[in-house]
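Undergrad: So the mapping is simple: the numbering used here equals the position in the sequence shown, first residue as 1, plus 1392. For every residue, glycine included, the Cβ atom is placed at its ideal position computed from N, Cα and C. It should be emphasised that the depicted structure is a prediction, and the values quoted were computed from it without experimental measurement.
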Amino acid sequence: MDRLIAQYGLVLVFANVLLEQLGLPIPAVPALVVAGALSAEGEFSPLAAFGVAFVACMMGDAAWYLAGRRYGRRVMKLLCRVSLSPDSCVRQTEFRFERWGKLTLVLSKFIPGLSTIAPPLAGATRLGWPSFLVFNGIGVVIWAGAAIAAGMLFHAQINEFIVRLEGLGTLAAEAIGVLLGGYIALKWWERRRFYKMLRVARIGVDELRALIRGDKRPVVVDVRSPGARVLDPRFIPGALAMDVAEVDRRLEQLPADREIIFYCTCPNEASAAQVAKKLLGLGYTKVRPLHGGLDAWIAAGYEVERREQGGK
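1. Exposed or buried, what is tyrosine 1457 when buried is set at 16 or more other beta-carbons lying within 10 Å of its beta-carbon?
2. Please name the residue or residues paired with leucine 1632 in a DSSP beta bridge.
3. Buried or exposed: which applies to serine 1523, given that a residue is buried once 16 or more other Cβ atoms fall within 10 Å of its Cβ?
4. Are there 16 or more other CB atoms within 10 angstroms of the CB of aspartate 1649, so buried, or fewer, so exposed?
5. If you run the structure through DSSP and keep just helix, strand and coil, what is tyrosine 1655?
6. Does the distance from the CB of valine 1679 to the CB of tryptophan 1689 come in under 9 Å?
7. Given this structure, state the Cα-to-Cα distance separating leucine 1671 from proline 1610, to the nearest angstrom.
8. Distance, Cα to Cα, leucine 1682 vs cysteine 1658?
9. Please report the residue range of the alpha helix (DSSP H) in which arginine 1601 lies.
10. Would you report the Cα separation of glutamate 1599 and arginine 1491, rounded to the nearest angstrom?
11. With distances taken Cα to Cα, identify the nearest neighbour of asparagine 1528 among Gly1428, Arg1466, Leu1506, Gly1573.
12. DSSP three-state call for phenylalanine 1487: helix, strand or coil?
13. Would you call serine 1437 buried or exposed, if buried means 16 or more other Cβ atoms sit within 10 Å of its Cβ?
14. Specify whether the segment 1629-1648 and the segment 1504-1521 touch according to this definition: at least 3 beta carbon pairs, one from each stretch, less than 8 Å apart.
15. Hey, would you say valine 1597 sits closer than 9 Å to serine 1617, going by beta carbons?
16. Buried or exposed: lysine 1704, going by 16 or more other Cβ atoms within 10 Å of its Cβ?
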């Protein structure tokens, strides 16, 4: 890698950082560390390496921020549909935004899977452009600066390690390829296992509406996060607002002898299906997630009610 960076210089660093921020599984930190090591040996200026990394990262993040601001949660859904870790995609990011606020943009660069999701979520929550630039910029400065500084500090050891890899010839490249392929395969297997876990009987919006209008009205539960409800305050009429973490504490509101329908706005009804699976394990028999979630209900043209933040 040091030979590639030395030959193609800052262009490779720029491309690597930009592609990672756009969502491709191409880690940029190794390139930044090697760039720092080469900077310490006079191949190019460390400020130049930092500058191109900063610009590339801000460009990628700004693109996602603007997409989130324009298209809202649809952008996050798209990202999670192609994510290798869909179970921890949007919900964990929303949780951290609710807990850390703007600091999420600073810390996201150091949390795998959060870096790409945080900018569009900031846009979807209507975080101001100046605030986004400031806090995201601080995060980029720390992230890129730390990687380049680490490369400069340990440049002798890094170069020695790379020389040994080059001495192995194609064997080193094959080993790296196997490790990378193994990582992707593991994530793909975890993704398949997650979606297999979500295979539980679902109810369609037409059937749910018929139940609501019938004699035995079901218990309908909105398991979106508080942040998601702020973004979209629409509810299926009469639905209980219950975060996933609250379900265990509010079982008394979920009678086992009635139909219980969970819904959310996450890809593949992930949160709703997880809660349904959990209640089935507790002995409930009439529990189903709503196929398509709130989006399908709204698309069908059925009535909704709007609530202020914190409404139950």
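TA: Taking the structure as given:
1. Classification of tyrosine 1457: buried, given that the 10 Å Cβ count is 16 or more.
2. Looking at the DSSP assignment, leucine 1632 forms a beta bridge with Val1613.
3. Exposed, since its Cβ has fewer than 16 Cβ neighbours within 10 Å.
4. Exposed, since its Cβ has fewer than 16 Cβ neighbours within 10 Å.
5. Three-state DSSP puts tyrosine 1655 in a strand.
6. The answer is no: Cβ separation not under 9 Å.
7. Cα to Cα, the separation comes out at about 15 Å.
8. Straight through space, the alpha carbons of cysteine 1658 and leucine 1682 are spaced by roughly 11 Å.
9. Arginine 1601 -> alpha helix (DSSP H) spans 1597-1604.
10. Their Cα atoms are separated by approximately 37 Å.
11. For asparagine 1528, the closest C-alpha among the options Gly1428, Arg1466, Leu1506, Gly1573 is that of Leu1506.
12. Phenylalanine 1487: helix per DSSP, three-state reduction.
13. The residue in question, serine 1437, is exposed, as its Cβ has fewer than 16 Cβ neighbours within 10 Å.
14. Touching, no.
15. Cβ distance not < 9 Å, so valine 1597 and serine 1617 don't count as in contact.
16. Only weak support exists for where lysine 1704 lies, its pLDDT of 47 falling under 50; the coordinates are left without a value.
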